[in-house]
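Engineer:
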Amino acid sequence: MQIPMEKHGMVPEESFAGSMSGCRLGVLPDKFYDRVEEGSILIKRARSFSFCTDGLVLDDDDAGERVDADVVVLATGFRGDQKLTDMLVSATFKQQIVAAPLYRQCVHPRIPQMAVIGYTENLTSIYTFEMMAKWVAHLLAGAFRLPSVVRMEASAVEWDEHLVMRRHGEGGGGKPCLGAVNTWYNDELCRDMGYEPRRKKGILAEWLQPYGPADYAGIL
């Protein structure tokens, strides 16, 4: 199937290789371009926008195009580092939270009172976030204790070497992505929570079958 991205001005600025290395794999919604062709979806590209009484003004200048809108959804998931710092008041903590990787992708070694779920992404993020949430729930319930600051920092740095950056543009910054080490990551979470990391039934299945969300459904 040929996707008419060029026809509708949807070819991304970054290269395909850059998207792959940056862990940015998009999934095309069902019949998306069919709806574009019939006019129920309108694609607009703009350098900037502003609000007006009845909607938006694209490219906020004298020649800006008006778009009437009842609801505006701001899908702003690209500046994860800024979202982390915005949660904190202390200037010291603001500097620390983005200067070092997170232990188990959830807890900053020097700010262990705060857990972050969803900063580190994956190719299929929903069940990764669910595993993070379960890990944090077990931590809060006292199922395990965090190691020392030194050990957490060493582990976080080691993991940081295996992550890739999900970039929002060629050469731009971005958020860490587990990518190919997701199963290894889930193994670590399972061990912490007291669950067997080998989730398959039988040696052959463990060797030959890929891991997915269903393998972790029994973790409460």
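Following numbering that gives the first Met the number 0, the numbering of the sequence shown begins with 0 at its first residue and continues without gaps. All C-beta atoms, glycine included, are put in the ideal place defined by N, C-alpha and C.
Taking all protein chains shown into account, decide if A179 is buried (16 or more other Cβ within 10 angstroms of its Cβ) or exposed.
Structural biologist: Start at 1 with the first residue of the sequence shown, and residue 179 comes out as number 180. A179 is exposed by the Cβ-count criterion.
Engineer: To the nearest angstrom, report how far apart G171 and A68 are at their CA atoms.
Structural biologist: Start at 1 with the first residue of the sequence shown, and residue 171 comes out as number 172. Start at 1 with the first residue of the sequence shown, and residue 68 comes out as number 69. A caution first: G171 carries a pLDDT of 43, below 50, which makes its placement in the model unreliable, though a value can still be read off. Straight-line Cα distance between these residues: approximately 31 Å.
Engineer: If you draw a straight line from the alpha carbon of V35 to that of M4, how long is it in whole angstroms?
Structural biologist: For this step, residue 35 is matched to residue 36 along the sequence shown. For this step, residue 4 is matched to residue 5 along the sequence shown. Distance between the alpha carbons of V35 and M4 is about 11 Å.
Engineer: Figure out for me which residue from T91, A213, L87 and V106 has the closest Cα to the Cα of M131.
Structural biologist: As a working mapping, residue 131 is identified with position 132 in the sequence shown. That would be V106, whose Cα lies nearest to the Cα of M131.
Engineer: May I have the straight-line CA-CA distance separating M9 from P28, to the nearest angstrom?
Structural biologist: Within the sequence shown, numbered from 1, the residue matching residue 9 stands at position 10. Within the sequence shown, numbered from 1, the residue matching residue 28 stands at position 29. Roughly 14 Å between the two C-alpha positions.
Engineer: Tell me the residue span of the alpha helix (DSSP H) that contains M131.
Structural biologist: Within the sequence shown, the letter at position 132 stands for residue 131. First-last of the alpha helix (DSSP H) with M131: S124 to L139.
Engineer: Could you have a look at F143 and say whether DSSP puts it in helix, strand or coil?
Structural biologist: Here residue 143 refers to the residue found at position 144 of the sequence shown. Coil, per DSSP.
Engineer: In chain order, what residues of the same chain have a beta carbon less than 8 Å from the beta carbon of I224, not counting five sequence neighbours either side?
Structural biologist: Only positions 0 to 219 of the chain appear in this structure, which leaves residue 224 out of reach.
Engineer: Determine contact between the region 182 to 190 and the region 91 to 102, defined as no fewer than three beta-carbon pairs at a distance below 8 Å.
Structural biologist: no
Engineer: Compare the C-alpha of E120 against each of R103, F128 and M113 and name the closest.
Structural biologist: As a position in the sequence shown, residue 120 is number 121, starting the count at 1. Comparing C-alpha distances from E120 to each of R103, F128 and M113 shows the shortest one belongs to F128.
Engineer: Given L219, which residues of its chain have a CB within under 6 Å of its CB, disregarding the five upstream and five downstream residues?
Structural biologist: Looking up residue 219 in the sequence shown gives position 220. Excluding residues within five positions, none has a Cβ falling inside 6 Å.
Engineer: To which residues does DSSP link E120 through a beta bridge?
Structural biologist: Sequence index remark: in the sequence shown, residue 120 carries index 121 (1-based). Beta-bridge pairing links E120 to C176.
Engineer: My understanding is that Y210 touches T182, with C-beta atoms under 8 Å, so please give their C-beta distance in whole angstroms.
Structural biologist: Indexing the sequence shown from 1 puts residue 210 at position 211. Indexing the sequence shown from 1 puts residue 182 at position 183. Going by Cβ atoms, the distance from Y210 to T182 rounds to 5 Å, so yes, they are a contact pair.
Engineer: Indicate whether L57 and V66 have their beta-carbon atoms separated by less than 8 Å.
Structural biologist: Within the sequence shown, residue 57 is the residue found at index 58, counting from 1. Within the sequence shown, residue 66 is the residue found at index 67, counting from 1. Contact flag set, yes.
Engineer: Going by DSSP, what residues sit across from V66 in a beta bridge?
Structural biologist: Position 67 of the sequence shown holds residue 66. DSSP lists L55 as partners of V66.
Engineer: By how many angstroms is the C-alpha of E152 removed from the C-alpha of F47?
Structural biologist: Numbered from its first residue, the sequence shown carries residue 47 at position 48. Numbered from its first residue, the sequence shown carries residue 152 at position 153. Phe is not the amino acid found at residue 47; the sequence shown has Ser there. Each residue's alpha carbon lies about 40 Å from the other.
Engineer: Measuring alpha carbon to alpha carbon, tell me which of I202, R197 and K174 ends up nearest A213.
Structural biologist: For this step, residue 213 is matched to residue 214 along the sequence shown. If we check each option's Cα against that of A213, R197 comes out closest.
Engineer: Have a look at A142 and E195 and give me their C-alpha separation to the nearest angstrom.
Structural biologist: On the sequence shown, position 143 is the one that residue 142 refers to. On the sequence shown, position 196 is the one that residue 195 refers to. If I take the Cα positions, the gap works out to 15 Å.
Engineer: If you follow the alpha helix (DSSP H) that I218 is in, where does it begin and where does it stop?
Structural biologist: As a position in the sequence shown, residue 218 is number 219, starting the count at 1. Premise fails: I218 is in no alpha helix (DSSP H) and is neither H nor E.
Engineer: Between which residues of its own chain and V148 is the CB-CB distance below 7 Å, once the five residues before and five after are set aside?
Structural biologist: As a working mapping, residue 148 is identified with position 149 in the sequence shown. In its chain, beyond the 5 residues on either side, P108 and R109 have a beta carbon closer than 7 Å to the beta carbon of V148.
Engineer: For V106, which beta-bridge partners are listed by DSSP?
Structural biologist: The residue given as residue 106 occupies position 107 in the sequence shown. Partner(s): Y102 and A114.
Engineer: Determine the burial state of V26: buried for a count of at least 16 other Cβ atoms within 10 Å of its Cβ, exposed for fewer.
Structural biologist: As a working mapping, residue 26 is identified with position 27 in the sequence shown. Exposed.
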